[in-house]
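J.: Residue numbers (full-length UniProt numbering): 1 to 360.
#1: One question on the structure: do residue 13 and residue 86 come within less than 8 Å of each other, judged by their Cβ atoms?
#2: Alpha carbon to alpha carbon, what distance is there between residue 305 and residue 3?
#3: For residue 28 and residue 35, what's the separation of their Cα atoms in angstroms?
#4: Does DSSP classify residue 89 as helix, strand or coil?
#5: Three Cβ pairs or more, each shorter than 8 Å: is that satisfied between the region 325-344 and the region 146-165?
#6: Sort 38, 163, 318 by Cα distance to residue 105 and report the nearest one.
#7: Hey, could you find the ends of the alpha helix (DSSP H) residue 350 is sitting in?
#8: Locate the beta strand (DSSP E) running through residue 8, then write down its first and last residues.
#9: Kindly list the residues whose CB is nearer than 6 Å to the CB of residue 303, restricted to its own chain and excluding five residues on each side of it in sequence; keep chain order.
#10: To the nearest angstrom, how far is the alpha carbon of residue 249 from that of residue 25?
#11: Taking contact to mean at least 3 C-beta pairs separated by less than 8 Å, is the region 196-211 in contact with the region 168-181?
#12: Indicate whether residue 8 and residue 56 have their beta-carbon atoms separated by less than 8 Å.
#13: Is residue 345 near residue 288, with beta carbons less than 8 Å apart?
#14: Check whether the region 108-123 and the region 65-83 are in contact - that is, three or more C-beta pairs closer than 8 Å.
#15: The beta strand (DSSP E) with residue 204 in it runs from where to where?
#16: Please classify residue 91 as buried or exposed, where buried requires at least 16 other C-beta atoms within 10 Å of its C-beta.
#17: Going by C-alpha distance, which of 76, 185, 61, 100 is nearest residue 164?
#18: Give the DSSP-derived three-state secondary structure of residue 1 in the structure shown.
#19: Helix, strand or coil for residue 246, going by three-state DSSP, please let me know.
#20: Could you spell out where the alpha helix (DSSP H) holding residue 164 opens and where it closes?
#21: To the nearest whole angstrom, what separates the beta carbons of residue 149 and residue 42, a pair I think is in contact under 8 Å?
#22: Do residue 299 and residue 325 have their beta-carbon atoms positioned less than 8 Å apart in this structure?
#23: Please determine, among 183, 15, 201, the residue with the shortest C-alpha to C-alpha distance to residue 260.
#24: Residue 1 to residue 275, Cα distance in whole Å?
#25: I'd like to know if the region 96-103 and the region 114-128 are in contact, where contact means that at least 3 CB-CB pairs between them fall below 8 Å.
#26: Taking the C-alpha atoms as reference points, what is the distance between residue 347 and residue 94?
#27: Check residue 215 in the structure and name its three-state DSSP category.
#28: Among 273, 256, 293, which has the Cα closest to the Cα of residue 282?
#29: Going by other Cβ atoms of all chains shown within 10 Å of its Cβ, with 16 needed for buried, is residue 323 buried or exposed?
#30: Please work out which residues of its chain come closer than 6 Å, Cβ to Cβ, to residue 279, disregarding the five sequence neighbours upstream and downstream, and give them in chain order.
#31: CB residue 145 to CB residue 293, shorter than 8 Å?
#32: Please report how far the alpha carbon of residue 170 lies from the alpha carbon of residue 50, in whole angstroms.
#33: Could you check the C-alpha separation between residue 135 and residue 166 for me, to the nearest Å?
#34: For residue 294, which three-state DSSP category applies?
#35: Could you name the residues that DSSP lists as bridge partners for residue 236?
#36: Taking 8 Å as the cut-off, decide whether the C-beta atoms of residue 174 and residue 213 are in contact.
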């Protein structure tokens with residue numbers, strides 16, 4: 001999966017970016033103040049790779065050209081992600097034809113789980129379609145090592161599904177590594193056929209994927225319960241994932257790496273956390289984080305994805321790559337907002353067994 005060092009981008013992320021309004025310690029339904037963040041499953045990976053790991057990343061998305069769109073652009077620029085390939089769409093004045101998506105998400109605490117309310121209908125990104133990007137020029141001339149996208153963007157509309165397929169096909173023509181996060185969201189698919197429809201689309205994309213996050217099966221994932229020992233629960237989750245990955249690779253041998261997080265939710269603010277991956281024709285388990293204190297769980301999975309991609313692009317040993325991914329995901333959940341605020345030294349220290357003692 002090595003690419004020319006002269007590529008302009010280490011990674012391009014194809015996805016929707018939303019304005020997240022965060023009520024902090026309060027609830028959406030009662031708050032009078034909100035903090036604004038930017039976020040989106042695919043974009044969060046690009047931002048983590050740029051801000052924590054120092055790689056060159058860009059985002060492929062679209063915004064309605066109004067004040068909210070320009071705020072989103074400014075937030076992305078603060079994160080260091082390239083906006084050259086953002087599509088700007090003329091705003092119609094009231095959002096009848098095109099809008100910018102807003103995501104109200106509260107963090108949860110204790111027995112009260114995190115809760116999101118997304119307002120993304122008619123978003124500019126959901127109206128992206130095949131032909132909007134000249135993929136051959138983008139991959140061949142601008143240069144790109146890695147394309148990352150996922151089931152959230154593909155599930156926005158029929159046209160984004162078609163565009164995702166087009167992008168992955170073009171990436172493969174040019175030898176660009178393609179990663180895809182299955183990221184099933186019931187709210188996206190509840191009026192479009194649910195989980196079976198989502199998986200049908202994922203099966204169309206699977207032949208073009210090199211690195212997959214999650215397991216592509218025809219059965220909706222079920223929660224695994226167990227006793228109070230996280231190792232026992234993670235062992236059961238790992239066994240199920242390993243069997244699913246084996247079956248998936250029999251059908252799609254083009255998939256070179258498959259990875260997934262392991263999680264047991266004690267409360268909204270305390271989880272057990274770990275990960276498993278199939279890399280280099282072998283399975284690996286990361287360091288487990290039992291009773292991990294959670295500040296804001298949104299974006300932990302995207303932090304994991306960013307860490308794994310970083311390790312692969314840097315040619316790290318497989319075990320260290322997975323430990324970096326799990327550590328970055330854990331640290332991403334220790335700060336507010338969707339995106340990582342971790343530093344590379346923090347990630348490497350934690351990945352190699354470090355602790356949380358004060359640094360001064």
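The beta-carbon is built from N, C-alpha and C at its ideal position, and this holds for glycine as well.
Values in this document were obtained by computation on a predicted structure and should not be read as measured data.
T.: Short version:
#1: Not a contact, by the Cβ cut-off of 8 Å.
#2: Legend: pLDDT at residue 3 = 40, less than 50; position of this residue unreliable, value from coordinates given subsequently. Computed Cα separation, rounded: 19 Å.
#3: Going by the C-alpha atoms only, they are around 11 Å apart.
#4: Looking at residue 89 - three-state DSSP - the assignment turns out to be strand.
#5: Taking a cut-off of 8 Å for Cβ pairs, the region 325-344 and the region 146-165 do not touch, as fewer than three such pairs fall below it.
#6: Of the candidates 38, 163, 318, the residue whose Cα lies closest to the Cα of residue 105 is 38.
#7: Boundaries of the alpha helix (DSSP H) harbouring residue 350: 344-351, taken from the DSSP string.
#8: Taken as a continuous stretch (DSSP letters only), residue 8 belongs to no beta strand (DSSP E), as it is neither H nor E.
#9: Apart from sequence neighbours up to five positions away, the residues of its chain that approach residue 303 with a beta-carbon distance below 6 Å are 48, 328, 329, 332, 340, ordered along the chain.
#10: Using only the alpha carbons, I get a separation of about 43 Å.
#11: With a cut-off of 8 Å, the region 168-181 and the region 196-211 count as touching, because enough Cβ pairs lie within range.
#12: Cβ atoms of residue 8 and residue 56: closer than 8 Å.
#13: No. Outside cutoff.
#14: Taking a contact to require three or more Cβ pairs closer than 8 Å, the region 108-123 and the region 65-83 do not qualify as touching.
#15: Looking at the DSSP string, residue 204 is not in any beta strand (DSSP E); the run it does join, the alpha helix (DSSP H), is 194-205.
#16: Buried, because 16 or more other Cβ atoms sit within 10 Å of the Cβ of residue 91.
#17: Among 76, 185, 61, 100, the Cα nearest to that of residue 164 belongs to 61.
#18: Caution applies to residue 1, whose pLDDT of 43 falls short of 50 and renders its modelled position unreliable; the model cannot decide the point.
#19: In this structure, residue 246 counts as helix in the three-state DSSP scheme.
#20: Segment 158-173, the alpha helix (DSSP H) holding residue 164.
#21: At roughly 5 Å, the Cβ-Cβ gap stays under 8 Å, so residue 149 and residue 42 are in contact.
#22: Going by C-beta atoms, residue 325 is not nearer than 8 Å to residue 299.
#23: Among 183, 15, 201, the Cα nearest to that of residue 260 belongs to 183.
#24: Only weak support is given to the placement of residue 1: the predicted model assigns it a pLDDT of 43, under 50, and the value that follows is read from those uncertain coordinates. Those two C-alpha atoms are separated by around 22 Å.
#25: Yes, the region 96-103 is in contact with the region 114-128.
#26: In a straight line, the C-alpha of residue 347 is about 44 Å away from that of residue 94.
#27: If DSSP states are grouped into helix, strand and coil, residue 215 belongs with coil.
#28: Taking only the C-alpha atoms, the option nearest residue 282 is 256.
#29: Result: buried.
#30: Result list for residue 279: 257, 318, in chain order.
#31: One thing to note: residue 145 has its Cβ no nearer than 8 Å to the Cβ of residue 293.
#32: Computed Cα separation, rounded: 24 Å.
#33: C-alpha separation (whole angstroms): 8 Å.
#34: Coil.
#35: In the DSSP output, where bridge partners are listed per residue, residue 236 has none listed.
#36: Cβ distance not < 8 Å, so residue 174 and residue 213 don't count as in contact.
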